[in-house]
Amino acid sequence: MKSIRDENGKVKTSVYIGATIVAMLVAMVPAIAAMNAGNAAQAAGAMDRPYVKVFASNALYEPAVGRTNVFGPGGIFPFFNSTFTCANNVLNCGVMSEEATFKGVFKEAGKEGDNRFTAQYTVPITYGDHQVAGHKYSVELIDTMWNNADPKLTPAPTGVPAFLSAGNGVAFDQIQHGHSMVDRSDAPMFMNRVALYGHANVYDITDGGHKLVAEKIFVHLMVGRVIDESKFYSDFQFNSPLPLVVALFVVNVPSGVQLPGGVGPLTPEQAQSFTPMPDDPSLKNAPPANYKQLSDQGVNVSAPMPQSTVWPVDNPTQPVFFTFLLFTDTRAFDSSTNYVPGIN
Numbered sequence: 016m017k018s019i020r021d022e023n024g025k026v027k028t029s030v031y032i033g034a035t036i037v038a039m040l041v042a043m044v045p046a047i048a049a050m051n052a053g054n055a056a057q058a059a060g061a062m063d064r065p066y067v068k069v070f071a072s073n074a075l076y077e078p079a080v081g082r083t084n085v086f087g088p089g090g091i092f093p094f095f096n097s098t099f100t101c102a103n104n105v106l107n108c109g110v111m112s113e114e115a116t117f118k119g120v121f122k123e124a125g126k127e128g129d130n131r132f133t134a135q136y137t138v139p140i141t142y143g144d145h146q147v148a149g150h151k152y153s154v155e156l157i158d159t160m161w162n163n164a165d166p167k168l169t170p171a172p173t174g175v176p177a178f179l180s181a182g183n184g185v186a187f188d189q190i191q192h193g194h195s196m197v198d199r200s201d202a203p204m205f206m207n208r209v210a211l212y213g214h215a216n217v218y219d220i221t222d223g224g225h226k227l228v229a230e231k232i233f234v235h236l237m238v239g240r241v242i243d244e245s246k247f248y249s250d251f252q253f254n255s256p257l258p259l260v261v262a263l264f265v266v267n268v269p270s271g272v273q274l275p276g277g278v279g280p281l282t283p284e285q286a287q288s289f290t291p292m293p294d295d296p297s298l299k300n301a302p303p304a305n306y307k308q309l310s311d312q313g314v315n316v317s318a319p320m321p322q323s324t325v326w327p328v329d330n331p332t333q334p335v336f337f338t339f340l341l342f343t344d345t346r347a348f349d350s351s352t353n354y355v356p357g358i359n
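For the sequence shown, the numbering used here begins at 16 and goes up steadily by one.
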């Protein structure tokens with residue numbers, strides 16, 4: 016085995032770079048936790064504050080993010096293409112949602128009930144039959160399962176991504192998207208404080224009501240920052256000048272029924288072919304790293320399998336639904352308790 020030190024006894028620069036690459040792949044290299052063992056005080060503090068609480072406001076409704084946009088010609092969802100005409104124009108896409116709020120609490124390896132959130136927003140423009148302009152809606156997390164437990168609600172289950180643990184669809188300090196090849200590459204790379212997958216209910220709460228709109232449909236949440244990928248790959252730093260945001264996706268594309276825009280009926284596989292698109296390279300490629308070089312440097316890590324899986328967004332018992340909310344005024348902090356007013 017080659018020495019990791021030079022003739023002066025100092026650790027080689029290449030080893031530092033290799034170790035940093037491993038740190039990028041937190042989800043694939045559980046042993047990375049050992050690298051922080053020297054800071055016992057910090058670790059003890061984290062154990063005393065195992066929860067992450069997140070509060071956010073000022074949400075942009077249906078912004079365009081890579082090919083995830085849902086707007087006009089060029090948007091990947093063909094159901095309501097006449098609603099927006101600003102595809103591929105991120106700065107001008109989306110509409111501010113009045114009085115939008117988000118609050119949640121999350122725990123790594125948490126049990127049932129440890130991860131909860133509620134997002135409320137007023138729809139500024141009608142988008143489909145189930146999001147009406149002027150109505151206020153509430154998205155409430157139900158579980159953190161990748162597939163619905165009831166096979167009738169997920170007729171075509173897909174494999175749980177390796178960076179998530181089965182039954183606990185929450186990851187912390189996780190790189191995602193972009194060139195990371197972790198869960199789709201058609202969106203900018205994020206460094207997430209919290210990433211979550213599961214199912215949510217959507218309610219119309221206009222004028223104090225609580226009418227169920229959609230039940231147990233797929234949800235993806237990110238609490239993090241967009242990374243400048245060109246700079247990241249030059250210095251391998253997670254620092255970002257961009258603000259912390261909450262990105263919330265709520266998606267259902269039901270199979271077996273006629274969909275808006277003259278689409279369908281679709282098979283379950285067709286219904287789930289938008290998230291991500293079949294040509295997304297993350298579905299067949301592992302995160303980019305020179306694993307042979309790492310092995311030569313004494314870092315024992317095997318090349319992982321691809322870390323992207325088709326989202327199981329087909330619940331045929333529920334209507335077609337798509338919401339993307341980007342909360343721009345976000346705070347996240349560690350806490351010793353899981354109490355959050357309004358969601359406990």
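Yeah, the Cβ is synthetic: ideal placement off N, Cα and C, and Gly gets one too.
Do you know how far the Cα of residue j is from the Cα of residue i?
| i | j | result |
| --- | --- | --- |
| F337 | W161 | 18 Å |
| P65 | D222 | 37 Å |
| V67 | R208 | 9 Å |
| T137 | G109 | 13 Å |
| T345 | D311 | 42 Å |
| V175 | Y142 | 30 Å |
| G128 | F121 | 9 Å |
| K226 | G313 | 58 Å |
| V69 | V260 | 10 Å |
| V266 | A74 | 17 Å |
| A186 | L340 | 20 Å |
| Y152 | S112 | 11 Å |
| P283 | D63 | 44 Å |
| E114 | K307 | 51 Å |
| V41 | G277 | Any answer about V41 is weak, because its pLDDT of 32 lies below 50 and its placement is not dependable; what the coordinates show is given next. One C-alpha to the other measures close to 43 Å. |
| I140 | Y76 | 9 Å |
| V234 | N300 | 24 Å |
| I358 | A215 | 14 Å |
| Q135 | F117 | 6 Å |
| M206 | A262 | 12 Å |
| T343 | H150 | 21 Å |
| M315 | S72 | The sequence shown places Asn at residue 315, rather than the Met named in the question. Their backbone Cα atoms lie some 43 Å apart in a straight line. |
| G271 | I232 | 16 Å |
| E123 | A164 | 21 Å |
| T290 | H192 | 12 Å |
| V241 | A210 | 13 Å |
| D329 | L298 | 19 Å |
| G224 | P327 | 30 Å |
| P275 | A177 | 34 Å |
Closest to residue i by C-alpha separation, out of the options, would be which residue?
| i | options | result |
| --- | --- | --- |
| F132 | G119, Y142, V228 and T141 | G119 |
| P280 | P334, A164, A262 and A229 | P334 |
| N353 | E77, M111 and K126 | K126 |
| Q322 | S72, A164, I190 and N216 | I190 |
| M292 | F264, V325 and V278 | V325 |
| Y212 | K299, D158 and Q285 | D158 |
| K168 | V268, A124, N315 and I242 | Note that residue 168 corresponds to Leu in the displayed sequence, not to Lys. Per the Cα distances, V268. |
| V228 | V234, D219, H235 and L236 | D219 |
| L179 | P166, P172, A171 and D198 | D198 |
| V217 | A164, S288 and E155 | E155 |
| V238 | L257, D295, A171 and T332 | L257 |
| T332 | P302, N183, Q273 and V355 | Q273 |
| L236 | P296, F264 and A202 | F264 |
| A286 | D188, P203 and P172 | P172 |
| A202 | N130, P356, P303 and E244 | E244 |
| N130 | D188, N183 and P296 | N183 |
Locate the alpha helix (DSSP H) running through residue i, then write down its first and last residues.
| i | result |
| --- | --- |
| E114 | Run containing E114: none in the alpha helix (DSSP H); it sits in the beta strand (DSSP E), V110 to K122. |
| A229 | That residue, A229, is in no alpha helix (DSSP H); its beta strand (DSSP E) goes K226 to V241. |
| A286 | P283 to A286 |
According to DSSP, is residue i part of a helix, a strand, or is it coil?
| i | result |
| --- | --- |
| G213 | strand |
| T221 | helix |
| A380 | The structure shown does not extend to residue 380, since the chain spans only 16 to 359, so no value can be given for it. |
| L168 | coil |
| A38 | Note that A38 scores a pLDDT of 32, beneath 50, so its modelled location is shaky and nothing firm can be said. |
| Q308 | helix |
| E155 | strand |
| L298 | helix |
Got a sec, what are the start and stop residues for the beta strand (DSSP E) residue i sits in?
| i | result |
| --- | --- |
| E77 | Unbroken run through E77: none, as it is neither H nor E. |
| R64 | Premise fails: R64 is in no beta strand (DSSP E) and is neither H nor E. |
| Q135 | R131 to T137 |
| V197 | Per DSSP, V197 belongs to no beta strand (DSSP E) and is neither H nor E. |
| A347 | F336 to S350 |
| A262 | V260 to N267 |
Pairs of beta-carbons, one from the stretch 146-160 and one from the stretch 342-350, closer than 8 Å: are there three or more?
Not touching, per the Cβ criterion.
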